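Remarks on the structure that follows.
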Ligand SMILES: CC(C)(COP(=O)(O)OP(=O)(O)OC[C@H]1O[C@@H](n2cnc3c(N)ncnc32)[C@H](O)[C@@H]1OP(=O)(O)O)[C@@H](O)C(=O)NCCC(=O)NCCS
């Protein structure tokens, strides 16, 4: 990630009181499907092991939500990642994913999966760049077709990235 911004923010697991701020960031990111406040509260409390926020001072400026894949024990599914538009392109998305991968690998999880629409260039570039940084693989495939997502919604393509290894394992 970009060194000049590393000290500007911290990353930590979520707590209940983050739910509202995470909702507001998702609301500011038009490419994200906005879920209910209740959903973000659940994520920040019951899924806190793999839900993270980036914080600058006391301000939440980004989040990532993820959970262990229920059918693939080696995989973490990354549900949403969003960075406050005022803080884009400062390495915050990358830092959130790096932190998440470290947590996953510590817990024996070696792959991440996520879905991305074809038009979401920033997200595609973010995950592709991560794949390169870890010198690993990214397999892209069909997942949720537009016909299942409603008229206004593009198809969501599945990205499976890994394997990730503990630093020093290679
Ligand atoms: C995707 C998102 C989380 C990236 O967060 P970010 O903090 O701006 O990302 P970073 O600064 O870590 O950028 C990492 C890399 O992603 C790529 N990237 C980021 N924004 C980009 C953009 N607008 N267009 C093209 N590439 C972009 C770049 O390759 C960048 O690395 P580089 O600047 O060294 O070349 C952010 O754009 C966002 O919140 N978007 C709206 C929500 C969203 O679409 N989430 C993903 C849903 S699947």
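Numbering (the working numbering), first residue to last: 2 to 171.
Note that beta-carbon positions come from the ideal geometry of N, C-alpha and C, so glycine has one too.
None of these values were measured; they are calculated from a predicted model.
Please find out if some non-hydrogen atom of ligand 1 comes closer than 7 Å to the beta-carbon of residue 127.
Result yes, Cβ under 7 Å from ligand 1.
Should residue 129 and residue 144 be called a contact, given that it needs their Cβ atoms to be closer than 8 Å?
Note that the C-beta distance between residue 129 and residue 144 is not below 8 Å.
C-beta atoms of residue 65 and residue 104 nearer than 8 Å
Contact: no.
Using 8 Å as the threshold, is the C-beta distance between residue 51 and residue 101 below it?
For residue 51 and residue 101, yes; Cβs fall inside 8 Å.
Cα-Cα, which of 37, 106 and 53 is closest to residue 74?
Closest in alpha carbon position to residue 74, among 37, 106 and 53, is 106.
With a threshold of 6 Å on Cβ separation, who are the neighbours of residue 18 within its own chain once the five nearest residues in sequence on each side are excluded?
Within the same chain, residue 18 has no close Cβ partners at all.
Closer than 8 Å, CB to CB, is residue 85 near chain D or not?
Any reference to chain D falls outside this structure, which holds one protein chain only.
If residue 94 sits next to residue 63, beta carbons under 8 Å apart, how far is it from one beta carbon to the other, in whole angstroms?
Correct: roughly 7 Å between the Cβ atoms.
Proximity to residue 1 [Cα-Cα], best of 28, 44, 164 and 23
This structure cannot settle anything about residue 1, because the visible part of the chain is limited to 2 through 171.
My output table needs one value for residue 30: the three-state DSSP class, helix, strand or coil.
Coil, per DSSP.
Between which two residues does the alpha helix (DSSP H) harbouring residue 188 extend?
No answer is possible for residue 188: it lies beyond the span of the chain, which begins at 2 and ends at 171.
Simplified DSSP state of residue 48, which is helix, strand or coil:
Reduced to three states, the DSSP call for residue 48 is coil.
Spatially closest choice to residue 47 from 37, 28, 122 and 68, by CA coordinates
Nearest option by C-alpha distance: 68.
Indicate the three-state DSSP secondary structure (helix, strand or coil) for residue 142 in the structure shown.
Strand.
Given residue 34 as reference, the closest of 15, 82 and 10 once Cα atoms are compared:
The shortest C-alpha to C-alpha distance from residue 34 to any of 15, 82 and 10 is the one to 82.
Among 36, 28, 24 and 53, which one has its Cα closest to the Cα of residue 13?
Cα-wise, what sits closest to residue 13 is 53.
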